[in-house]
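Counting from 1 along the sequence shown, just add 21 to a position and that's the residue number in my numbering.
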Amino acid sequence: MRDPVPINRTLVDQIADARAEVAAAGKQLTDRANDVFRATSVIVLETVQQRLEAFVLGQPDHTTELGKSGVDKLRKELTEVKAKLPGESAKRLVTAFSWTFPQEAAWIGESDKTPLYQGGADVPWMIDDAVRTSAAAAGRLADAAGYDIRPRSQWERAGDGTVQRFLGPYEVPSKLVVALRSYSDARLRYFRKLRALRRLEAEKAARDAQIEAEVAREATLLPASVLWSTSAKPTA
């Protein structure tokens with residue numbers, strides 16, 4: 022039986038190199054995602070602070086009614102909420118970002134061709150949702166303290182009246198814009214590296230299949246070859 026042609030060692034080396042590049046690109050993507058999370062948490066904290074101050078300063082009569090003890094209580098509650106918000110917003114973003122960085126690496130789709138973010142004030146929906154959902158904490162604190170939650174068009178409430186989302190405008194700082202662009206670029210790079218790896222792996226799989234087919238064919242022909250060779254020998 023003829024020995025199958027061994028796979029080109031260069032292809033094996035190329036696959037190993039490509040996997041290392043994918044791993045490096047994945048780490049960079051994770052780092053850039055963390056930059057986005059940190060920049061988003063800054064917006065969340067600033068928005069909550071600003072919205073609550075707008076209630077306190079915009080309704081001075083009620084603030085006066087609260088008195089020093091009431092204001093101090095509200096300030097303490099704000100501090101406690103702000104301590105939790107970065108972690109809560111990060112959890113929302115990790116879940117939301119999963120579709121931009123699939124765990125199933127075999128799926129690529131158009132991810133290596135379509136930027137997630139191209140700049141401007143219109144941030145990706147997962148960022149906007151995290152900010153608005155987290156910023157609702159300001160409305161809940163003010164509501165609990167007896168402030169009139171207005172303008173009503175800027176606050177979404179649940180059926181039981183609980184403030185759920187902030188619907189008003191908020192500032193998008195340049196730091197977040199830079200972080201989003203870097204993440205978008207890193208995402209494109211990751212999936213381009215991944216697509217290149219998948220092509221090499223497909224080429225290797227095709228070669229492996231060819232070798233397996235040749236081995237199977239040789240195994241099928243072997244008995245007949247032996248019989249034919251034996252019959253060709255002169256009898257005594």
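Just so it is clear, CB atoms sit at the ideal spot from N, CA and C, and this is done for glycine as well.
Here the structure is a predicted model, which means the values were calculated and not measured.
Beta-bridge annotation (DSSP): Phe187 is paired with Trp176.
Burial is judged here by how many other beta carbons sit within 10 angstroms of a residue's own beta carbon; Leu218 has at least 16 and is buried. Under the criterion of beta carbons closer than 8 Å, Lys225 and Glu42 do not qualify as touching, at roughly 16 Å.
The Cβ atoms of Ala156 and Thr68 sit closer than 8 Å to each other.
By the criterion of a C-beta distance shorter than 7 Å, Glu222 is surrounded in its chain by Ile36, once the five residues flanking it on both sides are discounted. Setting aside the 5 residues that flank it on each side, Gly167 is surrounded in the same chain by His83, each with a C-beta closer than 7 Å to its C-beta; the list follows chain order.
Within the segment 84-115, not a single complete alpha helix (DSSP H) segment reaches 4 residues in length. Beyond the five residues adjoining it in sequence on each side, Leu50 comes within less than 7 Å, by CB distance, of Phe122, Ala207, Arg208, Tyr211 in the same chain, given in chain order. Annotation for Ala157: the continuous alpha helix (DSSP H) segment containing it runs 146-165.
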